Amino acid sequence: MSVPLKEKYRKEVVPALMKSLGLKNIMQVPRITKMVVNIGLGEALDNPKAIDAAVQDLMTITGQRPVVTKARKNIAAFKLRAGRPIGVKVTLRGDRMWAFLDRLMNVALPRVRDFRGVSPNSFDGRGNYTLGLREQLIFPEIDYDKIDKVR
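Quick note, the sequence shown lines up with residues 813 to 963 if you use the working numbering.
This is the structure:
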């Protein structure tokens, strides 16, 4: 499976980065190794079916079965107990990651209302980028009639 974004990265972006950063070896060029897509569900404490709906939504969006994340410790203020399901996540690597990134940049983000670009301040000190989305409806794979709640 050939992903156009991956080919563009290899043929255009890598040589441009090597030239602009003054790198001699191709292995020194920064690259994307994985993407983690997650949905945090505070309402899962009250509504156990919310986890199933989130699993289905994330599976539809990414094409891969998500893992249910559980609380690590008790937090009394949130009425949370250790081991209770509180979200779902998927780790994408390889061609699936490139295909998802391509769909995110070219299809999903342009559908966001009042989209003004992504913030350059969302990088942490280790080169990770964090992007939060308000609703899952920006992905065309999600059918509006089949969702129970906007997450």
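Every residue, glycine too, gets a C-beta built ideally from N, C-alpha and C. Computed from a predicted model, the values in this text were never measured in an experiment.
#### Entry: Distance, Ala883 Cα to Ala828 Cα
Using only the alpha carbons, I get a separation of about 43 Å.
### Message
Below 8 Å on the Cβ atoms is my contact criterion, and I expect Arg909 with Lys846 to pass it. Report the Cβ-Cβ distance as a whole number of Å.
### Response
Checking the sequence, you will find Met at residue 909 rather than Arg. Right, the Cβ-Cβ distance comes to about 6 Å (below 8 Å), so this counts as a contact.
### Complete runs of the alpha helix (DSSP H) confined to the stretch 816-852 [at least 4 residues]
The stretch 816-852 is shown to contain whole alpha helix (DSSP H) runs of 4 or more residues at 816-820, 826-833, in chain order.
### Query
Can the beta-carbon of Ile959 be found less than 9 Å from the beta-carbon of Lys901?
Not a contact, by the Cβ cut-off of 9 Å.
### Query
How far does the alpha helix (DSSP H) with Lys861 in it reach, from first residue to last?
Counting along the chain, the alpha helix (DSSP H) containing Lys861 begins and ends at 861-874.
### Query
Where does Ile954 fall in DSSP's three states?
Ile954 falls in the coil class under three-state DSSP.
### Query
CA-CA distance, Val879 and Glu947?
So the two alpha carbons sit approximately 20 Å from each other.
### Task
May I have the straight-line CA-CA distance separating Lys820 from Leu833, to the nearest angstrom?
The straight-line gap from Cα to Cα measures roughly 18 Å.
### Task
Using three-state DSSP, classify Phe912 as helix, strand or coil.
Residue state, collapsed to three classes: helix.
### Message
Can you tell me which residues form a DSSP beta bridge with Ile887?
### Response
DSSP, once it has assigned bridges, lists Leu892 as partnering Ile887.
### Query
Using the C-alpha atoms, what's the distance from Lys823 back to Leu817?
Between the C-alpha atoms of Leu817 and Lys823 there is a straight-line separation of about 10 Å.
### Separation of Val848 from Leu904, as counted between CA atoms
Those two C-alpha atoms are separated by around 6 Å.
### Task
Over the uninterrupted beta strand (DSSP E) stretch that includes Pro897, give me the two end residues.
Segment 897-905, the beta strand (DSSP E) holding Pro897.
### Query
Do you know how far the Cα of Ser814 is from the Cα of Leu949?
In a straight line, the C-alpha of Leu949 is about 27 Å away from that of Ser814.
#### Entry: Start and end residues, beta strand (DSSP E) containing Thr942
Taken as a continuous stretch (DSSP letters only), Thr942 belongs to no beta strand (DSSP E), as it is neither H nor E.
### Query
Straight-line CA distance for Pro932 to Val962?
Going by the C-alpha atoms only, they are around 27 Å apart.
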